[in-house]
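For reference, each letter of the sequence shown is one residue, going 29 to 507 in our numbering.
Ideal Cβ positions, reconstructed from N, Cα and C, are used throughout, including at glycine.
Notes for the one structure printed next.
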Amino acid sequence: MNKSGGILIVALLSLGVLALIATASLYQVGNRHATTYHSLSWNEALASAETGADFAMNAMNLSLTDPATAWTGWTPADASTFPKTWVPAIGPHKGEGNNKVYSSVRVDNAIADRNGQPWYRVRATGVAEVAGTCRAGIEGAALTVGGVKNHRGVLRKSRFTGDLTGGVLRLPQVARTIEVMAAPVNARLLVRWLSAQNEITMSGTGIIDSFDSADTAKSTAAQYNPAKRQMRGDIATNASGNLSNLNGGTVWGNASSNGGAIQNTGNVHGSVFNNFSTVLPPVTKPAWSAVNITPNAINDPPGGMTLVGGPAGSPQNYKVSSLNIIASGNPLVLAPHVAGQESYVNIWVTGATSVTGTGYIQQMPGVHVAIYSEQNITLSGGGIVNQTNVARNLQIYGVTPTVGSCRFTLSGTATFIGVLDAPAFDISISGSGAFIGAAIGQSATLSGTGDFHYDEDLGNLAIGPATSYQFASWVEDVR
Numbered sequence: 029m030n031k032s033g034g035i036l037i038v039a040l041l042s043l044g045v046l047a048l049i050a051t052a053s054l055y056q057v058g059n060r061h062a063t064t065y066h067s068l069s070w071n072e073a074l075a076s077a078e079t080g081a082d083f084a085m086n087a088m089n090l091s092l093t094d095p096a097t098a099w100t101g102w103t104p105a106d107a108s109t110f111p112k113t114w115v116p117a118i119g120p121h122k123g124e125g126n127n128k129v130y131s132s133v134r135v136d137n138a139i140a141d142r143n144g145q146p147w148y149r150v151r152a153t154g155v156a157e158v159a160g161t162c163r164a165g166i167e168g169a170a171l172t173v174g175g176v177k178n179h180r181g182v183l184r185k186s187r188f189t190g191d192l193t194g195g196v197l198r199l200p201q202v203a204r205t206i207e208v209m210a211a212p213v214n215a216r217l218l219v220r221w222l223s224a225q226n227e228i229t230m231s232g233t234g235i236i237d238s239f240d241s242a243d244t245a246k247s248t249a250a251q252y253n254p255a256k257r258q259m260r261g262d263i264a265t266n267a268s269g270n271l272s273n274l275n276g277g278t279v280w281g282n283a284s285s286n287g288g289a290i291q292n293t294g295n296v297h298g299s300v301f302n303n304f305s306t307v308l309p310p311v312t313k314p315a316w317s318a319v320n321i322t323p324n325a326i327n328d329p330p331g332g333m334t335l336v337g338g339p340a341g342s343p344q345n346y347k348v349s350s351l352n353i354i355a356s357g358n359p360l361v362l363a364p365h366v367a368g369q370e371s372y373v374n375i376w377v378t379g380a381t382s383v384t385g386t387g388y389i390q391q392m393p394g395v396h397v398a399i400y401s402e403q404n405i406t407l408s409g410g411g412i413v414n415q416t417n418v419a420r421n422l423q424i425y426g427v428t429p430t431v432g433s434c435r436f437t438l439s440g441t442a443t444f445i446g447v448l449d450a451p452a453f454d455i456s457i458s459g460s461g462a463f464i465g466a467a468i469g470q471s472a473t474l475s476g477t478g479d480f481h482y483d484e485d486l487g488n489l490a491i492g493p494a495t496s497y498q499f500a501s502w503v504e505d506v507r
């Protein structure tokens, strides 16, 4: 009897030990099981947030081609009102994991670049339920070796109060928020000295060639050097070559047309093509969020006038009804906001732009200038004195009119260093001054004795309307 009692006690103790071992094992397994669910929900919340950001990116890109319907499903759904929000219906979530995955997205466009094109900020929050047991697992990695909580203990904290999806809280939730900036991607249109929609006519003795202000092997102190001449002074027309006549003009580069044969190409030191075609997007009016209220016109102001720029993140925008400089004593000076610092000045002229007589516009060193003109542009006399000596720092845009075309005229002895993007303007260049940079126009007539030097660095300059949007930055907001 005593033996039987001893055996029973040993058996009970053994069962107790086994039960303790089983309990400890189940606790560990259960904890790991809960932690696994937690980790899966954590990752799924991020995937949901990124899906929301991708959905916003799709709407941004669609807005470039179909603004009327691009934001369908967003609030508000029109093309121009921001900020916008998107809250989708919560679909069923099948499988062994959580039962609810959710994303909410907010988009605003309060930031614009120096050309007035918006940069979109997207804030997307992804929410996922922590399925599995009624408790969250204790993740060993949430503590350092010294027993101090690390950042993961904060990042992966579950929410036990308040359903972030707007429904009824059923299970703990994990939420992750990302903030991304989407920047416009502009077309690189300045890949040759001249791109024209219609005919190109050359006369006179001027030559077309190229250099690269960003390459010391192809320039001297970023300036054109005839000893370092390059052969990328290309010209091209979207029209039939039969309409264009180079009249034996010298082109150190290629000459291209859209069918037909360009006339008198004997001095083209490159190839002549007749299968060329490209898209020259129209130039639209700026969409600046802030504009200086004065001046409202610039008409040969007595004693001249100075417009001060701003830093890259806050350019100074001026909108005037006309820009007319005639006398040398009344120049328009475009000055930096701080001496020696890069500065940006944008001018929108709703009428005509004219520099004639002895008048001139002085673009001081370090100042980046963009001029948008809705009517004819005439530069003669002293023209625009680009003291930065770099073409990309002076950009002139001819706004495409609703009906008809306009004219860009460059004459006289002054050298023009800059970019012209005016696909609806007929270009006329004469006189003895050089044109250093690149040009886009409806047609082009080149005469006189001045040369034309294409700056190859402009091939990397993105201008014109946005062709798409891409993410410029990505960060997870852990607040």
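Sub-8 Å separation of residue i and residue j beta-carbons
| i | j | result |
| --- | --- | --- |
| Y130 | S76 | yes |
| A225 | P493 | Looking at the sequence shown, residue 225 is not Ala but Gln. Not closer than 8 Å, so no. |
| A140 | G80 | no |
| I405 | T381 | yes |
| D483 | I464 | yes |
| R204 | E504 | yes |
| A84 | G154 | no |
| M468 | L308 | One point to set straight first is that residue 468 is Ile, not Met, in the sequence displayed. The answer is yes: Cβ separation under 8 Å. |
| L351 | V311 | no |
| Y497 | A138 | no |
| L362 | G337 | yes |
| T437 | S460 | no |
| R257 | W221 | no |
| S475 | S231 | yes |
| V427 | K313 | yes |
Simplified DSSP assignment, three categories, for residue i
| i | result |
| --- | --- |
| T103 | strand |
| R420 | helix |
| D82 | helix |
| S67 | helix |
| G234 | coil |
| E504 | strand |
| G492 | strand |
| I49 | helix |
| D449 | strand |
| L183 | Bear in mind that the predicted position of L183 carries a pLDDT of just 44, short of 50, making it unreliable; the figure below should be weighed with that in mind. If DSSP states are grouped into helix, strand and coil, L183 belongs with the helices. |
| K24 | Nothing about residue 24 can be read from this structure; the chain reaches only from 29 to 507. |
| A39 | helix |
| A169 | Confidence at A169 is low in this model, with a pLDDT of 49, below 50, so the placement of that residue is unreliable and no value is reported for it. |
| E157 | strand |
| A245 | coil |
| S456 | strand |
| M209 | strand |
| D136 | strand |
| S91 | helix |
Of the listed residues the options, nearest to residue i (C-alpha basis)
| i | options | result |
| --- | --- | --- |
| G331 | I354, K313, T312 | I354 |
| T306 | T233, A215, G432 | A215 |
| S302 | I263, T79, A318 | Per the sequence presented here, residue 302 reads as Asn, with Ser not at that position. Closest by alpha carbon: I263. |
| D136 | P111, P116, N374 | P111 |
| P364 | T416, K246, G465 | T416 |
| G341 | A203, A462, Q145 | Q145 |
| P254 | T244, V202, F239 | F239 |
| A87 | S108, S69, N71, W280 | S108 |
| S67 | T477, V202, T244 | V202 |
8 Å CB neighbourhood of residue i in its chain, flanking five on each side removed
| i | result |
| --- | --- |
| N10 | What is shown of the chain runs 29 to 507, which leaves residue 10 out entirely. |
| N286 | T265, N266, A267, S268, G269, N302, N303, F304, S305 |
| A250 | S241, A242, N417, V418 |
| G394 | P364, G368, Q369, E370, S371, T416 |
| Q470 | A224, Q225, N226, S433, A450, P451, A452, F453, D454, I455 |
Nonlocal neighbours in the same chain, by C-beta distance under 6 Å from residue i, ignoring five residues either side
| i | result |
| --- | --- |
| T93 | none |
| H396 | Y372, N421 |
| V413 | Y388, Q390 |
| L489 | L218, R420 |
| G168 | The predicted model places G168 with a pLDDT of 49, which falls under 50 and marks its position as unreliable; any figure quoted below should be read in that light. Nothing listed; no residue qualifies. |
| A398 | N374, Q423 |
| G379 | S349, S350, Q403 |
| E207 | R151, V503, D505 |
Own chain, CB closer than 7 Å to residue i, minus 5 neighbours either side, in chain order
| i | result |
| --- | --- |
| N292 | N273, L274, N275, G276 |
| S356 | T386, G387, Y388, G410 |
| D479 | G234, I235, A462 |
Within-8 Å CB hit, residue i to chain D
| i | result |
| --- | --- |
| T386 | No chain D appears in the structure shown, which is made up of a single protein chain. |
Stretch pair the stretch 100–110 + the stretch 221–238: three plus CB contacts closer than 8 Å: no
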